[in-house]
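Novice: In the numbering used here, the protein residues as written are 1 to 336.
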Amino acid sequence: MKKMVIKGTGRYLPERIVTNDDLTKFMDTSDEWIQQRTGIEERRWVSEEGNIGASDLGLEASKIALSRAGWVPEDLDLIIFGTLSPDLFFPGSGCLLQSKLGLKSTPAIDIRQQCTGFLYGMEIADAYIKSGHASRILLVGAEVHSTGLEMATRGRDVTVIFGDGAGAVCLEGVETDENVGLLAASLHAQGDYAEALMVEAPASRLNPRITHEMIDDGRVWPKMDGRNVFKLAVKRLPEVSQVVLDKAGLTLDDIDMVIPHQANLRINQFFQKSMNLPDEKIYNNIQKYGNTTAGSIPIALDEVIEKKLIPKEKGTILFAGLGAGVTWGAMIFRFM
Ligand code: ACO
Numbered sequence: 001m002k003k004m005v006i007k008g009t010g011r012y013l014p015e016r017i018v019t020n021d022d023l024t025k026f027m028d029t030s031d032e033w034i035q036q037r038t039g040i041e042e043r044r045w046v047s048e049e050g051n052i053g054a055s056d057l058g059l060e061a062s063k064i065a066l067s068r069a070g071w072v073p074e075d076l077d078l079i080i081f082g083t084l085s086p087d088l089f090f091p092g093s094g095c096l097l098q099s100k101l102g103l104k105s106t107p108a109i110d111i112r113q114q115c116t117g118f119l120y121g122m123e124i125a126d127a128y129i130k131s132g133h134a135s136r137i138l139l140v141g142a143e144v145h146s147t148g149l150e151m152a153t154r155g156r157d158v159t160v161i162f163g164d165g166a167g168a169v170c171l172e173g174v175e176t177d178e179n180v181g182l183l184a185a186s187l188h189a190q191g192d193y194a195e196a197l198m199v200e201a202p203a204s205r206l207n208p209r210i211t212h213e214m215i216d217d218g219r220v221w222p223k224m225d226g227r228n229v230f231k232l233a234v235k236r237l238p239e240v241s242q243v244v245l246d247k248a249g250l251t252l253d254d255i256d257m258v259i260p261h262q263a264n265l266r267i268n269q270f271f272q273k274s275m276n277l278p279d280e281k282i283y284n285n286i287q288k289y290g291n292t293t294a295g296s297i298p299i300a301l302d303e304v305i306e307k308k309l310i311p312k313e314k315g316t317i318l319f320a321g322l323g324a325g326v327t328w329g330a331m332i333f334r335f336m
């Protein structure tokens, strides 16, 4: 049977470092508040010059992943692009990335699952591979948040947490009887919480979609009920992680590394405590990058591989995340 294996990974973070102190120029906040509540020390933002979109960051991460896989873009059967900050309202960033890779007809799908974009993308890729519809897939998670954040005290709860960045993985279907690939997954959504974290305008349900008044009222900036999202995350991340362990018939002893979505270091510390995980079995990099949403898990994965924090053969990772939608989920992946 065909199993999905990872052939290459890549990440791209813009060079511009924005520290917590830098943010105090725009809003009433402090390095102390941000570090205490979120663990974030700095994040990357795209350069102020030039128009740089999610597909541009995705392209840089993809080039690295493709070269590590030993693939050229023409080898791809499918591109899956996860982002909540697409270059354009439409068409999707996957199409833009496809063109930037020099491709002329390779299919490209955009998915809008925010912080769980990578998890949903992995399960979609696995289904394409198992059904025989594709055998070489590029999965990208990329965000440019910085151009969509309110640079004022009104938006400070959200603005301080987000950063720009991209991660990419090359996935291939390989005929093998070995117990490798996606061993278990459990994905969920609950639209009742859609307004707990959203950007309201412009939107098709508004007529007109955008007005000067909406801009003045700040309805174009992300709004978050942070406390509620926090409570959901600390409850559901351990729950759904246990579900995938049970599904796979594994225990935490079989897991080499847990890579959670990077939304808030405190969320991940609660998660670690409820799972009883030792420090060396959970990976966090939110301190350097903030929350890069669809980019966060593949960026962390690329770092975990680069730092050789998992065995080269049969390294087993548990991914978990919760974000806007709300969507949440977990999965267990084992390398060949
Ligand atoms: N600087 C200084 N003070 C601030 C800031 C800031 N940046 N932001 C909020 N405050 C103030 C508030 O105004 C409030 O003041 P008050 O007590 O006088 O009213 C106080 O700090 C506490 O505010 P809370 O919102 O209760 O702070 P909390 O401890 O909940 O931290 C945070 C806020 C960091 C946003 C947290 O709620 C959180 O991380 N939530 C979850 C985020 C998440 O997981 N999102 C999902 C993923 S993102 C995605 O899907 C796109």
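Glycine included, C-beta positions come from ideal geometry on N, C-alpha and C.
In terms of residue numbering, what span does the beta strand (DSSP E) encompassing W33 cover?
Specialist: One-based indexing of the sequence shown puts residue 33 at position 33. From DSSP, W33 is part of no beta strand (DSSP E) but of the alpha helix (DSSP H) over 31-38.
Novice: Let me know the alpha helix (DSSP H) ranges lying completely inside the stretch 244-296, each 4 residues or longer, listed in chain order.
Specialist: Counting only runs of 4 or more, we get 265-275, 286-289.
Novice: Using CA atoms only, rank isn't needed, just tell me which of L149, M151, T106 is closest to L138.
Specialist: Residue 138 sits at position 138 when you count from the first residue of the sequence shown. If we check each option's Cα against that of L138, T106 comes out closest.
Novice: Could you tell me whether the stretch 53-61 touches the stretch 89-104, where touching means 3 or more Cβ pairs closer than 8 Å?
Specialist: Result yes; three or more Cβ-Cβ pairs closer than 8 Å.
Novice: Cβ-heavy atom distance between A324 and the ligand ACO below 7 Å?
Specialist: The sequence position of residue 324 within the sequence shown is 324, counting from 1. For the ligand ACO, at least one heavy atom lies less than 7 Å from the Cβ of A324.
Novice: With hydrogens ignored, establish whether the beta-carbon of W33 is closer than 7 Å to any heavy atom of the ligand ACO.
Specialist: By one-based count along the sequence shown, residue 33 stands at place 33. True, at least one ligand heavy atom lies under 7 Å from that Cβ.
Novice: Reducing DSSP to helix, strand and coil, say where V199 ends up.
Specialist: Here residue 199 refers to the residue found at position 199 when the sequence shown is read from its first residue. Of the three classes helix, strand and coil, the one that applies to V199 here is coil, per DSSP.
Novice: Let me know the beta strand (DSSP E) ranges lying completely inside the stretch 181-230, each 3 residues or longer, listed in chain order.
Specialist: Within the stretch 181-230, the complete beta strand (DSSP E) runs of at least 3 residues are 181-189.
Novice: If we ignore side chains and look at the alpha-carbon of each, how far apart do S85 and V180 end up?
Specialist: Against the sequence shown, residue 85 aligns to sequence position 85. Against the sequence shown, residue 180 aligns to sequence position 180. Cα to Cα, the separation comes out at about 33 Å.
Novice: Let me know the secondary structure DSSP gives K3 once reduced to three states.
Specialist: One-based indexing of the sequence shown puts residue 3 at position 3. DSSP places K3 in strand when its eight states are reduced to three.
Novice: Check this for me: beta carbons of E172 and S204, under 8 Å apart or not?
Specialist: To locate residue 172, count along the sequence shown from 1; it is residue 172. To locate residue 204, count along the sequence shown from 1; it is residue 204. Not a contact, by the Cβ cut-off of 8 Å.
Novice: Quick test of the definition: if touching needs 3 or more C-beta pairs under 8 Å, does the stretch 292-303 touch the stretch 311-324?
Specialist: Verdict: yes, contact present.
Novice: Count Cβ pairs between the stretch 69-84 and the stretch 40-51 that sit closer than 8 Å; are there 3 or more?
Specialist: Result no; under three Cβ-Cβ pairs closer than 8 Å.
Novice: Which word fits L182, buried or exposed, when buried means at least 16 other C-beta atoms lie within 10 angstroms of its C-beta?
Specialist: Taking the sequence shown and counting its residues from 1, one reaches residue 182 at position 182. That one is buried.
Novice: Any chance you could list the beta strand (DSSP E) runs of at least 3 consecutive residues sitting entirely within the stretch 62-120, in chain order?
Specialist: With a minimum length of 3 residues, the continuous beta strand (DSSP E) runs that stay inside the stretch 62-120 are 78-82, 108-111.
Novice: Under three-state DSSP, which class holds G325?
Specialist: In the sequence shown, counting from the first residue as 1, residue 325 sits at position 325. DSSP places G325 in coil when its eight states are reduced to three.
Novice: Determine the extent of the alpha helix (DSSP H) in which T159 is found, giving its start and end residues.
Specialist: Locating residue 159 in the sequence shown gives position 159, where the first residue counts as 1. First-last of the alpha helix (DSSP H) with T159: 156-159.
Novice: Beta-carbon separation of Y289 and G163 under 8 Å?
Specialist: The residue you call residue 289 lines up with position 289 of the sequence shown. The residue you call residue 163 lines up with position 163 of the sequence shown. A contact, by the Cβ cut-off of 8 Å.
Novice: Just mark R334 as buried or exposed, buried being the case when its beta carbon has 16 or more other beta carbons within 10 Å.
Specialist: For the purposes of this step, residue 334 is identified with residue 334 of the sequence shown, where counting begins at 1. With 16 or more other Cβ atoms within 10 Å, it is buried.
Novice: Does the beta-carbon distance from T116 to G323 come in below 8 Å?
Specialist: Working through the sequence shown from its first residue, we reach residue 116 at position 116. Working through the sequence shown from its first residue, we reach residue 323 at position 323. Yes.
Novice: Are D232 and V326 closer than 8 Å when you measure CB to CB?
Specialist: As a position in the sequence shown, residue 232 is number 232, starting the count at 1. As a position in the sequence shown, residue 326 is number 326, starting the count at 1. Correcting the residue identity first, residue 232 is Leu in this sequence and not Asp. Yes; because the gap between Cβ atoms is below 8 Å, this pair is in contact.
Novice: Kindly list the residues whose CB is nearer than 7 Å to the CB of T176, restricted to its own chain and excluding five residues on each side of it in sequence; keep chain order.
Specialist: On the sequence shown, position 176 is the one that residue 176 refers to. Within the same chain, T176 has close Cβ partners K3.
Novice: Going by DSSP, name the residue or residues bridged to G141.
Specialist: Counting from 1 along the sequence shown, the entry for residue 141 is found at position 141. BP columns for G141 point to G82, G167.
Novice: Give me, in chain order, the residues of the same chain whose beta-carbon lies closer than 7 Å to that of L250; leave out the 5 immediate sequence neighbours on both sides.
Specialist: Numbered from its first residue, the sequence shown carries residue 250 at position 250. Here the set comprises I332.
Novice: At the level of alpha carbons, what is the spacing between D77 and E150?
Specialist: As a working mapping, residue 77 is identified with position 77 in the sequence shown. As a working mapping, residue 150 is identified with position 150 in the sequence shown. If you take the alpha carbons of D77 and E150, they lie about 39 Å apart.
Novice: From E239 to V258, what distance separates their C-alpha atoms?
Specialist: By one-based count along the sequence shown, residue 239 stands at place 239. By one-based count along the sequence shown, residue 258 stands at place 258. Using only the alpha carbons, I get a separation of about 14 Å.
Novice: Using CA atoms only, rank isn't needed, just tell me which of W71, E178, E32 is closest to M336.
Specialist: Looking up residue 336 in the sequence shown gives position 336. Out of W71, E178, E32, E178 has the C-alpha closest to the C-alpha of M336.
Novice: So what does DSSP say about L59, is it helix, strand or coil?
Specialist: Here residue 59 refers to the residue found at position 59 of the sequence shown. Three-state result, L59: helix.
Novice: If I follow the unbroken beta strand (DSSP E) through V18, where does it start and stop?
Specialist: Numbered from 1 along the sequence shown, position 18 holds the residue referred to as residue 18. It spans 16-19 - the beta strand (DSSP E) in which V18 sits, taken as one unbroken run.
Novice: Are the beta-carbon atoms belonging to M224 and V158 less than 8 Å from one another?
Specialist: Taking the sequence shown and counting its residues from 1, one reaches residue 224 at position 224. Taking the sequence shown and counting its residues from 1, one reaches residue 158 at position 158. The answer is yes: Cβ separation under 8 Å.
Novice: Among the residues of its own chain, which have a CB less than 6 Å from the CB of I255, if the five just before and after it don't count?
Specialist: Position 255 of the sequence shown, counting from 1, holds the residue named residue 255. So the qualifying residues of the chain are T316, L318.
Novice: Closer than 7 Å: is that where the CB of L57 sits relative to any heavy atom of the ligand ACO?
Specialist: Position 57 of the sequence shown, counting from 1, holds the residue named residue 57. No; taking the cut-off as 7 Å, the Cβ of L57 has no heavy atom of the ligand ACO nearer than that.
Novice: Which two residues bound the contiguous beta strand (DSSP E) that contains E42?
Specialist: If you number the sequence shown from 1, residue 42 lands on position 42. Residues 42-45.
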